[in-house]
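K.L.:
I have a structure I would like to understand better, so I am pasting it below and will then ask my questions one at a time.
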Amino acid sequence: MDTWLILVWLSGVLTCLSASNVTTVSSSAGVSALPSSARATTVAAPDQEEVTRSTEGASPSPPISLRPGTPTLGPGATPPPTHGATFSPSAPVNSTATTGPTGPTSPSPNATPLPEGDSSGTWAEPWEANSSTGATSTSGAFTTPGDTDSTERRDETPIIAVMVALSSLLVIVFIIIVLYMLRFKKYKQAGSHSNSFRLSNGRTDDMEPQSVPLLARSPSTNRKYPPLPVDRLEEEINRRMADDNKLFREEFNALPACPIQATCEAASKEENKEKNRYVNILPYDHSRVHLTPVEGVPDSDYINASFINGYQEKNKFIAAQGPKEETVNDFWRMIWEQNTATIVMVTNLKERKECKCAQYWPDQGCWTYGNIRVSVEDVTVLVDYTVRKFCIQQVGDVTNKKPQRLVTQFHFTSWPDFGVPFTPIGMLKFLKKVKTCNPQYAGAIVVHCSAGVGRTGTFVVIDAMLDMMATEKKVDVYGFVGRIRAQRCQMVQTDMQYVFIYQALLEHYLYGDTELEVTSLESHLQKIYTRVPGTSSNGLEEEFKKLTSIKIQNEKMRTGNLPANMKKNRVLQIIPYEFNRVIIPVKRGEENTDYVNASFIDGYRQKDSYIASQGPLQHTIEDFWRMIWEWKSCSIVMLTELEERGQEKCAQYWPCDNPMACGDITMELKKEDECESYTVRDLLVTNTRENKSRQVRQFHFHGWPEVGIPSDGKGMINIIAAVQKQQQQSGNHPITVHCSAGAGRTGTFCALSTVLERVKAEGILDVFQTVKSLRLQRPHMVQTLVGAPRLSGLPPGRQERARSQVRGIEPPPPPTPSGWGAGAGAPGGNSHRDGTPGHRQKRSVSWLAGGSTGTEPTKITWGAGEGLAGSRASSLGRGRTLTAERS
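Number 887 marks the last residue of the sequence shown (our numbering); no jumps.
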């Protein structure tokens with residue numbers, strides 16, 4: 001039975017006992033008249049009725065509102081503590097009187113007493129003072145002038161009443177104390193259980209201990225949002241996302257802002273206020289990170305950072321705010337003192353023109369922050385995140401024998417300025433990389449965004465719930481968020497972040513880890529061609545079924561479905577999504593002229609690496625060339641013939657002998673070369689309005705049969721290598737790829753190119769997630785199952801030949817100062833997707849490129865500058881310098 005119900009029941013029983021032992025009432029007449037000096041106070045009783053309290057000789061008490069079901073407490077009684085709340089009584093609470101069914105009766109001087117024990121009348125509080133005159137007493141039992149009892153009887157009655165009432169109160173207080181102690185003991189046992197977790201992240205004993213025990217991992221099953229078995233995850237997510245995420249919002253809003261009573265005294269000190277980025281995001285005293293004090297500097301032990309527990313690891317993370325300019329030195333002190341080897345950054349330096357985090361690392365070379373020297377060892381830029389490796393060392397040792405440490409920063413760059421990432425695929429890859437690379441011996445992983453609560457909390461919760469999913473086959477997002485909020489306020493800040501956590505968990509549950517070491521490719525091929533037990537299909541077919549189950553979001557194709565643009569689409573089922581469609585400038589005086597059926601597609605290292613386009617129709621050739629000019633695409637890959645099986649697949653959009661004009665754009669064929677499986681055409685493209693010219697190279701692949709797929713992968717690999725070589729010369733602008741509809745063969749080319757690039761860089765391939773990502777960016781990318789085996793690998797008999805061909809592919813080129821990243825108005829300038837002028841962002845990239853023999857790698861690094869890589873990429877910070885080195 002609920003604790004409060006027990007207390008209410010006991011209180012009622014004891015009150016009735018008190019009334020039956022000390023009260024004499026009348027059922028036919030009123031009680032003796034009360035003195036004129038008596039005053040009445042109205043109190044809202046638990047049953048919502050009003051009763052009259054006699055308060056003679058006492059100061060009036062203010063009305064007290066009691067909730068239904070709340071037990072009445074006597075003077076000095078303390079209510080049991082409630083989770084997450086503080087009880088602060090403002091005035092003593094007195095017991096309330098009870099009335100008969102008809103309410104209080106009016107006094108009568110001629111009242112006739114009822115037999116002893118009748119409880120139908122009214123009674124006064126036993127602690128009220130007696131009158132010293134011959135008037136009727138108001139201290140307990142009521143008498144009439146005709147009462148024959150002696151004065152001794154009147155004197156004994158109030159004493160008995162007081163004793164019974166006090167006994168009742170003492171019993172209630174005792175019960176409350178016992179229940180409180182039982183609850184506290186249960187809480188303490190739960191904390192002790194959590195504190196026994198093994199410290200597998202290598203934290204040392206001399207680090208700051210936690211004064212608050214860990215909360216229990218598994219909450220009561222009676223909770224409104226209990227742990228969720230993974231086999232019900234998809235069903236529950238769909239249910240809670242209905243009606244615009246209504247149930248998810250309710251669940252998120254039910255989270256306690258601060259589950260425990262905590263103080264922020266250190267953060268609130270005047271000396272530390274400037275160290276906080278936001279006045280309302282402060283670390284709790286019990287969980288904050290303590291720095292080693294600097295001699296002579298007051299409060300130098302403070303930094304806005306908190307220890308956060310993982311799934312089964314105490315203090316696995318440190319959640320920190322993004323460093324400010326004045327706290328960068330403290331940040332590196334914390335990294336050194338906590339023996340941290342991994343930093344996770346989940347914000348960009350600037351978002352919406354607002355500074356979110358100071359750049360606390362050097363662009364190149366070596367910088368010193370306080371007494372910590374930081375030097376850049378390597379930088380690798382990928383499409384969703386950047387990896388920076390630093391060597392750090394304490395300075396001040398004249399012998400220069402201080403040990404050096406390697407610290408790796410994983411900077412997630414794909415979190416948008418508003419909301420959450422479009423898909424959790426990038427975050428899951430990022431998190432796996434962090435888990436894999438964090439050394440066993442290292443201290444806590446430092447995670448920060450801007451405030452250190454929203455995106456930081458999202459990352460921490462996904463990590464913990466993936467561990468819980470693997471161990472217990474269930475997830476407890478609600479419970480875990482509540483627990484880490486007891487260590488740092490507002491962890492997981494928005495309902496969108498809360499939903500994103502569930503989406504990431506569902507993504508992992510449905511599709512799992514599909515990455516594959518290239519050395520195990522042959523065994524994997526044998527496995528996927530084996531029939532899956534209990535089905536009539538093999539592993540490859542089952543994988544492709546999952547891909548085809550991805551929902552096409554027709555509601556996000558608004559522009560392509562406008563009546564004015566419908567005729568510009570070759571296939572009505574393949575229309576670009578709004579978020580990544582290619583926008584071209586509006587023609588003066590003409591509406592709906594910014595549309596072309598083409599989509600930006602991300603590559604392995606770079607946002608918007610490709611433009612996936614349909615083959616131009618006769619009346620869209622001008623739009624096609626306006627797109628090529630606007631987005632500075634210098635490489636076109638054509639994967640179809642002009643006509644196949646008697647049907648037009650693409651209009652001829654290039655000239656042969658004579659120049660060709662399309663509006664302000666003219667094209668002239670300068671050179672045409674026939675290769676083994678493709679034709680190379682060099683075109684001079686001129687914008688007559690701007691009076692500028694560029695060279696564009698078209699690669700026309702002839703190796704794709706009208707039905708099926710190429711019989712040999714060699715031709716496709718060769719054309720990919722040729723395109724990458726062209727990109728080295730022209731700069732890393734988008735590669736335009738098209739077939740007929742811009743989906744099937746186009747998707748295969750983009751997927752194969754992306755997979756091979758990752759194989760060269762990491763020795764890892766992930767065909768499933770690569771194709772899945774493409775389908776989320778454009779409908780029906782990689783249309784048929786027969787194309788999938790070529791992406792997973794060639795037949796075993798051609799494995800070695802394929803490997804040698806892959807080794808011969810050139811890596812992506814470094815940008816030239818006059819190319820990618822040039823300022824607005826310069827030849828390398830560029831517009832955002834919304835048509836406004838902007839800059840493509842230079843990227844700082846490191847990759848391993850095998851030579852023609854595939855033996856000695858070359859490390860190439862180039863710098864980055866301000867600007868945007870398309871509208872979806874975010875600035876990585878200040879200007880960088882172009883560098884290159886060999887290893």
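We treat Cβ as the ideally placed atom computed from N, Cα and C, and that holds for glycine. As the structure is a prediction and not an experimental result, all values here were calculated from the model.
Could you say if the segment 744–757 and the segment 766–785 meet the contact criterion of at least three C-beta pairs nearer than 8 Å?
P.N.:
Counting Cβ pairs under 8 Å, three or more are found: they touch.
K.L.:
Mind checking whether Tyr511 and Lys546 have CB atoms under 9 Å apart?
P.N.:
Start at 1 with the first residue of the sequence shown, and residue 511 comes out as number 511. Start at 1 with the first residue of the sequence shown, and residue 546 comes out as number 546. Yes, the Cβ-Cβ distance between Tyr511 and Lys546 is below 9 Å.
K.L.:
With DSSP run on the structure shown, which of helix, strand or coil describes Thr342?
P.N.:
Counting from one through the sequence shown, the residue named residue 342 turns up at place 342. Residue state, collapsed to three classes: strand.
K.L.:
Are the beta-carbon atoms belonging to Leu233 and Leu506 less than 9 Å from one another?
P.N.:
Numbered from its first residue, the sequence shown carries residue 233 at position 233. Numbered from its first residue, the sequence shown carries residue 506 at position 506. For Leu233 and Leu506, yes; Cβs fall inside 9 Å.
K.L.:
Looking at the unbroken alpha helix (DSSP H) that takes in Asp285, where does it start and where does it end?
P.N.:
On the sequence shown, position 285 is the one that residue 285 refers to. Looking at the DSSP string, Asp285 is not in any alpha helix (DSSP H), and its letter there is neither H nor E.
K.L.:
Which same chain residues, not among the five before or five after Glu251, have their C-beta less than 8 Å away from its C-beta?
P.N.:
Indexing the sequence shown from 1 puts residue 251 at position 251. Same-chain partners within the cutoff: Tyr225, Arg240, Tyr478 and Tyr498.
K.L.:
How many Å lie between Ile425 and Lys551 at the Cα?
P.N.:
Taking the first residue of the sequence shown as 1, we reach residue 425 at position 425. Taking the first residue of the sequence shown as 1, we reach residue 551 at position 551. Their Cα atoms are separated by approximately 16 Å.
K.L.:
Please name the residue in Gly482, Pro323 and Ala319 whose C-alpha comes closest to that of Arg277.
P.N.:
Sequence index remark: in the sequence shown, residue 277 carries index 277 (1-based). Taking only the C-alpha atoms, the option nearest Arg277 is Pro323.
K.L.:
For the putative contact between Leu431 and Asp463, defined by C-beta atoms under 8 Å, what is the C-beta separation to the nearest angstrom?
P.N.:
Position 431 of the sequence shown, counting from 1, holds the residue named residue 431. Position 463 of the sequence shown, counting from 1, holds the residue named residue 463. Right, the Cβ-Cβ distance comes to about 6 Å (below 8 Å), so this counts as a contact.
K.L.:
Note the first and the last residue of the continuous alpha helix (DSSP H) segment covering Arg520.
P.N.:
Residue 520 sits at position 520 when you count from the first residue of the sequence shown. Looking at the sequence itself, residue 520 is Ser, so the reference to Arg does not match. Ser520 -> no alpha helix (DSSP H), and no H or E assigned at all.
K.L.:
When the Cα atoms are used, what is the spatial distance from Lys568 to Pro362?
P.N.:
Along the sequence shown, one-based indexing puts residue 568 at 568. Along the sequence shown, one-based indexing puts residue 362 at 362. For Lys568 and Pro362, the distance between alpha carbons rounds to 49 Å.
K.L.:
With H, G and I counted as helix, E and B as strand and the rest as coil, what does DSSP make of Pro563?
P.N.:
The residue given as residue 563 occupies position 563 in the sequence shown. The answer is helix: DSSP assigns Pro563 an H, G or I state.
K.L.:
Going by alpha carbons, who is nearest to Gln393 out of Thr340, Ile445 and Trp336?
P.N.:
The residue given as residue 393 occupies position 393 in the sequence shown. Ranking the options by Cα distance to Gln393, first place goes to Trp336.
K.L.:
For Gln404, does the count of other Cβ atoms within 10 angstroms reach 16, so buried, or fall short, so exposed?
P.N.:
In the sequence shown, counting from the first residue as 1, residue 404 sits at position 404. Gln404 should be labelled exposed.
K.L.:
With Met468 as the anchor, note down where its alpha helix (DSSP H) starts and where it stops.
P.N.:
The residue given as residue 468 occupies position 468 in the sequence shown. Start and end: Gly454 to Glu472.
K.L.:
Count the other CB atoms within 10 Å of the CB of Thr471; is the residue buried (16 or more) or exposed (fewer)?
P.N.:
As a first step, residue 471 must be located in the sequence shown, where it is residue number 471. It is exposed - the Cβ of Thr471 has fewer than 16 other Cβ atoms within 10 Å.
K.L.:
Using a 10 Å radius around the Cβ and a threshold of 16 neighbouring Cβ atoms, would you call Val447 buried or exposed?
P.N.:
Stepping through the sequence shown from its first residue, residue 447 is reached at position 447. Under this definition Val447 is a buried residue.
K.L.:
Let me check one thing: in DSSP terms, what residues is Asp417 bridge-paired to?
P.N.:
Translated into positions along the sequence shown, residue 417 becomes position 417. BP columns for Asp417 are empty, so no partner.
K.L.:
Under 8 Å, with one C-beta from each stretch per pair, do the segment 767–781 and the segment 614–628 reach the 3-pair mark?
P.N.:
Not touching, per the Cβ criterion.
K.L.:
Please state if the CB of Arg455 and the CB of Ile347 are separated by a distance shorter than 9 Å.
P.N.:
Position 347 of the sequence shown, counting from 1, holds the residue named residue 347. Position 455 of the sequence shown, counting from 1, holds the residue named residue 455. The residue asked about is misnamed: residue 347 is Thr in this sequence, not Ile. Yes, Cβ-Cβ distance for Thr347 and Arg455 is below 9 Å.
K.L.:
Quick one: grab the DSSP three-state call for Asn538.
P.N.:
Numbered from 1 along the sequence shown, position 538 holds the residue referred to as residue 538. Reduced to three states, the DSSP call for Asn538 is strand.
K.L.:
Expressed to the nearest angstrom, what Euclidean distance is found between the alpha-carbon atoms of Thr342 and Val434?
P.N.:
Here residue 342 refers to the residue found at position 342 when the sequence shown is read from its first residue. Here residue 434 refers to the residue found at position 434 when the sequence shown is read from its first residue. One C-alpha to the other measures close to 8 Å.
K.L.:
Pick helix, strand or coil for Met638, following the three-state DSSP scheme.
P.N.:
Here the question's residue 638 lines up with position 638 in the sequence shown. The answer is strand: DSSP assigns Met638 an E or B state.
K.L.:
With 16 other CB atoms within 10 Å as the buried threshold, where does Ala893 fall?
P.N.:
Past the boundaries of the shown model lies residue 893; the chain is included only from 1 to 887, so the question cannot be answered.
K.L.:
Roughly how many angstroms separate the alpha carbons of Thr666 and Gln614, rounded to a whole number?
P.N.:
As a working note, residue 666 is residue 666 in the sequence shown. As a working note, residue 614 is residue 614 in the sequence shown. Computed Cα separation, rounded: 21 Å.
K.L.:
Rounded to whole angstroms, how far is the Cβ of Lys580 from the Cβ of Ser609, which I believe are closer than 8 Å?
P.N.:
Counting from one through the sequence shown, the residue named residue 580 turns up at place 580. Counting from one through the sequence shown, the residue named residue 609 turns up at place 609. Lys is not the amino acid found at residue 580; the sequence shown has Asn there. Between Ser609 and Asn580 the Cβ distance is about 12 Å, and since that is not below 8 Å, they are no contact.
K.L.:
DSSP has Asp682 in a bridge; who is on the other side?
P.N.:
Numbered from its first residue, the sequence shown carries residue 682 at position 682. Partner(s): Lys671 and Arg697.
K.L.:
Is the distance from the Cβ of Val696 to the Cβ of Ser635 below 9 Å?
P.N.:
Numbered from its first residue, the sequence shown carries residue 696 at position 696. Numbered from its first residue, the sequence shown carries residue 635 at position 635. The answer is yes: Cβ separation under 9 Å.
K.L.:
What residue range does the alpha helix (DSSP H) around Tyr478 cover?
P.N.:
Walking along the sequence shown from the start, residue 478 turns up at place 478. Its alpha helix (DSSP H) spans residues Val477 to Arg485.
K.L.:
Going by DSSP, name the residue or residues bridged to Arg388.
P.N.:
Walking along the sequence shown from the start, residue 388 turns up at place 388. DSSP output for Arg388 lists Val379 and Gln409 as bridge partner(s).
K.L.:
Among Gln409, Leu282, Tyr509 and Tyr360, which has the Cα closest to the Cα of Leu228?
P.N.:
Residue 228 sits at position 228 when you count from the first residue of the sequence shown. Nearest option by C-alpha distance: Tyr509.
K.L.:
Taking DSSP as the reference, what is the three-state secondary structure of Val782?
P.N.:
Residue numbering aside, residue 782 sits at position 782 when the sequence shown is read from its first letter. Correct three-state label for Val782: coil.
K.L.:
Considering only their Cβ atoms, is the gap separating Ile303 from Val289 smaller than 9 Å?
P.N.:
Numbered from its first residue, the sequence shown carries residue 289 at position 289. Numbered from its first residue, the sequence shown carries residue 303 at position 303. A contact, by the Cβ cut-off of 9 Å.
K.L.:
Distance, Cα to Cα, Phe410 vs Ala661?
P.N.:
Residue mapping note: residue 410 aligns to position 410 of the sequence shown, counting from 1. Residue mapping note: residue 661 aligns to position 661 of the sequence shown, counting from 1. In a straight line, the C-alpha of Phe410 is about 48 Å away from that of Ala661.
K.L.:
So is Asn253 buried or exposed if we call it buried at 16+ other beta carbons inside 10 Å?
P.N.:
Numbered from 1 along the sequence shown, position 253 holds the residue referred to as residue 253. That one is exposed.
K.L.:
For the beta strand (DSSP E) containing His738, list its first residue and its last residue.
P.N.:
For this step, residue 738 is matched to residue 738 along the sequence shown. Here the beta strand (DSSP E) through His738 covers Ile735 to His738.
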